[in-house]
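Take a look at the structure below.
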């Protein structure tokens, strides 16, 4: 760092000279440009490609979510039993030994079958998943 002179300079940018690692602003521009690596012709093309990638990911996630929701609402794999009131429902589940199987008003059918001594072919139960956007999808809105 150069020794400061006692007479103040009339150049307003002299105050910034000690803070910069660049000799002048021209070298700053050249170095900044050399750091940018892109495979696109312009920033606009790069942004468009990024948005396109995000849109494809969003469409795929939406498609998967729609299938998941269709599966959740399909009545082909579950049934409903109803009672006069909660007390009667709990009495039934208590006598069946299944009261502990209730999770959010649902019972795992495989566990109930096991409890009742019914052999079922083992299958994997997929838990329903709701659509959740990825964090970086919000970056395209800024």
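In our numbering, the protein residues as written are -15 to 126.
The beta carbon of each residue, even a glycine, is placed where N, CA and C say it ideally should be.
- As DSSP reads the structure, residue 91 sits in a beta bridge with 86.
- Taking a cut-off of 8 Å on C-beta distances, the segment 93 to 102 touches the segment 71 to 84, as three or more cross pairs fall below it.
- Residue 105 carries a coil assignment under DSSP once its states are collapsed to helix, strand and coil.
- Residue 69 has its alpha-carbon roughly 10 Å from the corresponding atom of residue 75.
- Per DSSP, reduced to three states, the secondary structure at residue 52 is helical.
- A direct Cα-Cα distance of roughly 18 Å separates residue 86 from residue 102.
- Separation of residue 28 and residue 37 (C-alpha to C-alpha, rounded to the nearest whole angstrom) is 14 Å.
- For residue 63, the closest of 50, 39, 89 by C-alpha to C-alpha distance is 89.
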